[in-house]
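> Protein chains in written order, with our numbering: chain S, 7 to 159; chain Z, 1195 to 1697; chain W, 340 to 666. Cβ coordinates follow ideal geometry from the N, Cα and C atoms, glycine included.
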C-alpha cells in the first residue's frame, strides 16, 4: 500500500466515520418529525461514504493530489497564527490590533526577503499599516461594524 | 411602452447623482467580503428616509444591481465570493486571474452582467403580468422538486469524481441542518455554542473558498514564493467586446436560466449562477476546460446572476410578495415611504414604479462603464506578491465573516469549515457542490415539511407531491438530470479506461 | 477615640458610597458614548425589522440619545436564534439591545428548548402592537369567519391556516381560535416569516392564514386577500374599522396573540443605564417623524413605558402558561 493510497484510505475513513456519527445522531434524537429530513440525508450520506471508503481501500479512487509533507510543514506556522488569533487574541487584545499583528506575522513568515533586511521590514510595516487603514475605513468607519475591542483596540 | 415616458425622471440631476452614487457605492460594497447584496441594501435604507420615494428607490435599485455585479470582483480577484450568487464566478474567474487574465475576466464578467441584467429588466418591463402568475404557480411541492433538481446537478459540478461530488453535497446538506429547525424549532446537531444560530451561509462561503486558498499559499513556503512572472497582456476593451459577441451560447444559457430561476420566490438568485454554470458546461464542446479558467463558465454565471435581478422583483412589484431576501429589504424601503407594492404602485404611483425600473436599466449600463474602467487597475490586486496576498485574504476573511452578524461565532465557523475544506480538497472533494448542498438543504427541507403538513390536511403526500402538471414536469426533469449524470459519468469512465488512463 | 473612629468610618463609607454613586451617575450621564446596536430576531425586510429601523431613526438626534442606533439581524427559527444569542452572548451594558416580540419569546420559553425566559431580559419600552388577523385569498369560498369555522367543524383538520412559525403570535391566535370554537384547524408554520405565510394564502397553497394586521392591511389594499376577523379586544379603528373582532363573531378570543414589539436589554445591565434608556426611548418612539413614517407604513403604534411593559409581560406569561399547558 503506497503512502498516497494510505492517505486516501484514511481520509475516506474519516468521512465515513463522520457520516456514521451523523447517522447515529439523526436516528436517536427526538422529536422524530424534526429529524425526518436529517434521517433521509443521513442514509444517502452513509451509503455514499461507505462506497467511497471501499473504493479507497481497494485503490480505485485516486482523485486529488493528496497531502505533501513539505507543504504541510509550511502550512503549520500560518495556521497557528490563525488559531491564536481566533481563540485568544481577537477577544483579549482587540480585533483590529490582533489582525494587524496577524497580518504582519504572516507576511513576515512567508516573505522570501531575509529577516535582517531593514528595507524589507520597512516595506512590511508600510504595507501592513496601509492595508489595515483601508480595513478600518471600510469596516469601522463606513460600515460601522463594532468589533470586539478587548483591552486595546 | 408606458415606461419610456418616465425616462426623464432618471436624468433629473439629484436622481442621476443618486444613481451614480448607488452604482459606485454598490460596486465597492459588493466587492467587500461578507457584505451580501441584501445587507448592502439594508444598510442604505436609512439614507432613503431623507429622500423622496422615487429617489430612495433609485438609490436602492442601483445598489442592488451593482452589488450583485461587484461581488464578482472579489470572487475573481480573491476567490472570496461576495454572495451565493457569485460562487460559480469564483470557479473559473479566479483561475483566469491566476493565469494573469484578471482584467479579461473582469471585462467579460461586467459585460455579461450588463447584458444579462438589461434583458432581465426588459423582461420585468414587458412580461410582468404574465410572469406574476407564473411566480405564484410554485407552491411548496414544486419548490421542493426545484430544490431536488438543484441537488441533482451536485455530482457534475466542479468535481473530478462523481461520488466525491455527491459526498461533498451530502456534507453541505448536513451542515445546513445544524442549528434550530426553521419550521418546528427543534435543536439539531448543535455541538458548540457558535452553532446555535446555524451556519451562516455568507460566513461559510468565505471560509470554504478563501481559507483553502490561503493555506495553499502558505504551502508554497517562503523559499519558493517568488512570484511566477507571467507576462500580463494588456486587455483591450474592444477585444473583450468581440469575445462577448462570440459567446452567444453561454450568454443565452445564463440569461435564460437566470431569469427563470430568479422569478421563483424562495429559490431566488442564490443558485442561478451555479445552475447556469452547470448547464453551460453540459452544453459546451469543451467540458474539460471548465474550472481551469475557461471564460464560458464565467460568462454564463455572471449573465445569470444579473439576469435574475429584474425577474426577482416581479412578485414584489405586482403582488407585494418579496421573492428574495433582497426584495424583502426593498419592500421595507417602499413601505417606509407609504408606498405599497401591488396594483396600488402601478395605478397610483406610476412615476415611482417606472422611474425605479428605468433607473435599473440605466444603472446596468453605468455599472458596466465603471466596472470596465476600473478593471485594469483592480486586476493588479491579483498580481500582489504571495505573502501579501495570503495575509490580506486571511484578514479580509476574518473581517468579512465577523461583519455578517457581528459575531465571533461566525469567525470560528468560517475558519473551521475553511481548514476542513482544505484537507477535503486534497482528496478530490470540492467546495462548489458542498455550498450548493448548504443552500438547497433548507429550501428542500422547509418546503418538504410545509408540503407534508398541507398534504396531511388534504389527500396525503403522494397526491400532493406527485400529481399536477408542474409536479410531474419537475419530476421528469429530476429523473432526466439524474439519468444524464449517471450516463455521462459512465461514458467518461469508459473513455478514461479505453485510453488506459487512471482517473 | 472609639467614637471618633466610628464617625471616621462612617465618613469614609459615605465618601466611598458617594463616589461610587457619582461614578454610576457619570456612567449614566455619559451613556451612550458610542452607537447602540439593536438585535432583531427576524430577517431584514420583515415587519419587525423595518419597524425597528423606523422607530430608531431619530436616535442620533442630540435631544434623543445623541448616538445612532444600528440594526443587527439574527434571524432563524421564529426568533429563537436571535433571542438565544442575546440571552447567552450579548453584553449587559446597554450598548446591545434587542427587539422583543410578545407573545413569541414568552411562548417559546414556556415550551422550552431555549436559553431564555421573560426573566432573562429587562424591558425598556414598547413601540407597537400588531394584532393577528385571519385572512383568506381574494377568491376564497369563505366571506366571514363564521363560514370558515363552520366548514372546519364539518371537515376537521382540513382547513389549512398558514402562519409565521410555531409559538409565535399567529400560532397562539390559531390555538385560541381552536380552543374557543372547538373546531380543528391544520396550522402550517412557514419558513420565512409573515411574508412567506402571506404568499401561501395569496397563491392558494393554503385555505387561509393568520397574519399581522399591518401586512394583511397592505395585501387587502392591493386586492389580494379578504380579512375575516381581528384577534383583539376591539376593532382597529385606524386601519380596519369594518373588520369585526373574533369576539364580535361569537368566539371567545382575547388579545393574548397581539404582537407587541419593543426594545429590551439583558438582565444585569446597570440600573442607571436602564433608567436612562427607559426615560429616553419612549420619547424617541413618540417623535413626530417616527409617527409619520409608521402611519405611512400601515404599522399600528402603541407606546408603553417600562412599567407598563413589565405588567404586560407578567400578564402574558400567565395567560400563555395556561393556554399552552394542555399541549
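Tell me whether residue 1330(Z), by its Cβ, gets closer than 7 Å to a heavy atom of the ligand HEM.
Here there are no bound small molecules, and the ligand HEM is not part of this structure.
> Enumerated in chain order, which unbroken segments of the alpha helix (DSSP H) with a length of 4 residues or greater are wholly contained in the region 1270-1300 of chain Z?
Qualifying alpha helix (DSSP H) stretches, in chain order: 1281-1290.
> Our contact map puts residue 91(S) next to residue 142(S) with C-beta atoms below 8 Å; I'd like the distance itself, whole angstroms only.
Residue mapping note: residue 91(S) aligns to position 85 of the first chain, counting from 1. Residue mapping note: residue 142(S) aligns to position 136 of the first chain, counting from 1. Actually they do not touch by this definition, with Cβ atoms about 17 Å apart.
> Kindly indicate if chain S contains any beta-carbon less than 8 Å away from that of residue 1368(Z).
Taking the second chain and counting its residues from 1, one reaches residue 1368(Z) at position 174. Answer yes: the Cβ-Cβ gap between residue 1368(Z) and chain S drops below 8 Å somewhere.
> Can you give me the Cβ contacts of residue 655(W) inside the same chain, cut-off strictly under 6 Å, excluding the 5 residues immediately before and after it?
Within the third chain, the letter at position 316 stands for residue 655(W). Result list for residue 655(W): 441, 442 and 445, in chain order.
> Can you list the residues of chain B that residue 55(S) reaches, using a CB-CB cut of under 9 Å?
Of the chains in the structure shown, none is chain B; the protein chains are S, Z and W.
> Ignore the nearest five residues each way along the sequence and tell me which others in residue 1618(Z)'s own chain have a CB closer than 6 Å to its CB.
Along the second chain, read from residue 1 onward, the residue named residue 1618(Z) stands at position 424. Result list for residue 1618(Z): empty, nothing under 6 Å.
> Apart from the five residues on each side of it in sequence, which residues of its chain come closer than 6 Å, Cβ to Cβ, to residue 437(W)?
On the third chain, residue 437(W) is found 98 positions in, with the first residue counted as 1. Result list for residue 437(W): 378, 425 and 603, in chain order.
> Just the C-alpha distance for residue 404(W) and residue 432(W), rounded to the nearest angstrom, thanks.
To locate residue 404(W), count along the third chain from 1; it is residue 65. To locate residue 432(W), count along the third chain from 1; it is residue 93. Approximately 15 Å, taken between the alpha carbons.
> Could you tell me the distance, in whole angstroms, from the CA atom of residue 122(S) to the CA atom of residue 114(S)?
By one-based count along the first chain, residue 122(S) stands at place 116. By one-based count along the first chain, residue 114(S) stands at place 108. In a straight line, the C-alpha of residue 122(S) is about 11 Å away from that of residue 114(S).
> Considering only their Cβ atoms, is the gap separating residue 1409(Z) from residue 81(S) smaller than 8 Å?
Counting from 1 along the first chain, the entry for residue 81(S) is found at position 75. Counting from 1 along the second chain, the entry for residue 1409(Z) is found at position 215. Taking 8 Å as the Cβ cut-off, residue 81(S) and residue 1409(Z) qualify as a contacting pair.
> Excluding five sequence neighbours on each side, which residues of the same chain lie with their C-beta closer than 8 Å to the C-beta of residue 342(W)?
Along the third chain, read from residue 1 onward, the residue named residue 342(W) stands at position 3. Below a pLDDT of 50, predicted positions are generally treated as unreliable, and residue 342(W), at 47, falls in that range; the measurement from the model is reported next regardless. Nothing listed; no residue qualifies.
> Look up residue 1304(Z) in the DSSP assignment and say whether it is helix, strand or coil.
As a position in the second chain, residue 1304(Z) is number 110, starting the count at 1. Helix at residue 1304(Z).
> Within 8 Å (strictly less), CB to CB, does residue 663(W) reach chain S?
Taking the first residue of the third chain as position 1, residue 663(W) is located at position 324. No, because no Cβ of chain S sits closer than 8 Å to the Cβ of residue 663(W).
> Beta-carbon separation of residue 56(S) and residue 22(S) under 8 Å?
Working through the first chain from its first residue, we reach residue 56(S) at position 50. Working through the first chain from its first residue, we reach residue 22(S) at position 16. Result yes, Cβ atoms of residue 56(S) and residue 22(S) sit closer than 8 Å.
> Using DSSP with H/G/I as helix, E/B as strand and the rest coil, what is residue 570(W)?
Start at 1 with the first residue of the third chain, and residue 570(W) comes out as number 231. Coil.
> Please classify residue 1466(Z): does DSSP put it in a helix, a strand, or coil?
Counting from 1 along the second chain, the entry for residue 1466(Z) is found at position 272. DSSP places residue 1466(Z) in helix when its eight states are reduced to three.
> Are the C-beta of residue 1459(Z) and some C-beta of chain W separated by less than 8 Å?
For the purposes of this step, residue 1459(Z) is taken as the residue at position 265 of the second chain. Closer than 8 Å: yes.
> Would you mind reading off the limits of the beta strand (DSSP E) that contains residue 599(W)?
The count along the third chain starts at 1 and reaches residue 599(W) at position 260. Residues 598-605.
> If you follow the alpha helix (DSSP H) that residue 695(W) is in, where does it begin and where does it stop?
Lying before the first or after the last residue shown, residue 695(W) is absent from chain W, which here runs from 340 to 666.
> Would you say residue 1615(Z) lies against chain S (beta-carbon separation less than 8 Å)?
The residue you call residue 1615(Z) lines up with position 421 of the second chain. No, residue 1615(Z) lies away from the interface with chain S (no Cβ there is under 8 Å from its Cβ).
> Kindly give me the distance between the Cβ atoms of residue 1558(Z) and residue 1248(Z), rounded to whole angstroms, as I take these residues to be in contact under 8 Å.
If you number the second chain from 1, residue 1558(Z) lands on position 364. If you number the second chain from 1, residue 1248(Z) lands on position 54. Contact doesn't hold; Cβ gap of about 18 Å is too wide.
> So which residues on chain W does residue 150(S) lean against when the C-beta distance must stay under 9 Å?
Mapped onto the first chain, residue 150(S) falls at position 144. Those within 9 Å of residue 150(S) in chain W are 374, 407 and 409.
> What are the residues in the region 1242-1275 of chain Z lying within 8 Å of chain S by C-beta distance?
Under the 8 Å Cβ criterion, the region 1242-1275 of chain Z contributes no residue.
> Out of curiosity, what's the CA-to-CA distance linking residue 1552(Z) and residue 1566(Z)?
Locating residue 1552(Z) in the second chain gives position 358, where the first residue counts as 1. Locating residue 1566(Z) in the second chain gives position 372, where the first residue counts as 1. One C-alpha to the other measures close to 22 Å.
> Looking at the C-beta of residue 15(S), does it have a partner C-beta in chain Z at a distance below 8 Å?
Locating residue 15(S) in the first chain gives position 9, counting from the first residue. No, its Cβ sits nowhere closer than 8 Å to a Cβ of chain Z.
> Output, in sequence order along the chain, the residues in the region 124-155 of chain S whose CB is closer than 7 Å to any CB in chain Z.
Under the 7 Å Cβ criterion, the region 124-155 of chain S contributes 133, 137, 141, 144, 145, 149, 151, 152, 153 and 154.
> Got a sec: is the Cβ-Cβ distance from residue 476(W) to anything in chain Z below 8 Å?
Here residue 476(W) refers to the residue found at position 137 when the third chain is read from its first residue. Closer than 8 Å: no.
> Taking the beta carbon of residue 1244(Z) as the centre, do at least 16 other beta carbons fall within 10 Å, making it buried, or is it exposed?
The count along the second chain starts at 1 and reaches residue 1244(Z) at position 50. With fewer than 16 Cβ atoms within 10 Å of its Cβ, residue 1244(Z) is classed as exposed.
> Just checking: is the beta-carbon of residue 1534(Z) within a distance shorter than 8 Å of some beta-carbon in chain W?
Reading the second chain from its first residue, position 340 is the one you call residue 1534(Z). So, interface residue.
> For residue 1335(Z), which residues in chain S fall below 9 Å Cβ to Cβ?
Translated into the one-based positions of the second chain, residue 1335(Z) becomes position 141. The contacting residues do not exist; residue 1335(Z) stays about 15 Å from chain S at best.
> Listing by chain order, which chain Z residues have their CB less than 9 Å from the CB of residue 496(W)?
Within the third chain, numbered from 1, the residue matching residue 496(W) stands at position 157. The contacting residues are 1650 and 1651.
> Take residue 466(W) as the anchor and find which of 593(W), 489(W), 597(W) and 657(W) has the nearest alpha-carbon.
Position 127 of the third chain, counted from the start, is the residue given in the question as residue 466(W). Of 593(W), 489(W), 597(W) and 657(W), the residue nearest in Cα terms is 597(W).
> Could you check where the alpha helix (DSSP H) with residue 495(W) kicks off and where it finishes?
Locating residue 495(W) in the third chain gives position 156, counting from the first residue. Residue 495(W) -> no alpha helix (DSSP H), and no H or E assigned at all.
> For residue 1226(Z), which three-state DSSP category applies?
To locate residue 1226(Z), count along the second chain from 1; it is residue 32. The answer is coil: DSSP assigns residue 1226(Z) none of H, G, I, E or B.
> Excluding five sequence neighbours on each side, which residues of the same chain lie with their C-beta closer than 7 Å to the C-beta of residue 154(S)?
Position 148 of the first chain, counted from the start, is the residue given in the question as residue 154(S). Hits under 7 Å: 96, 97, 100 and 101.
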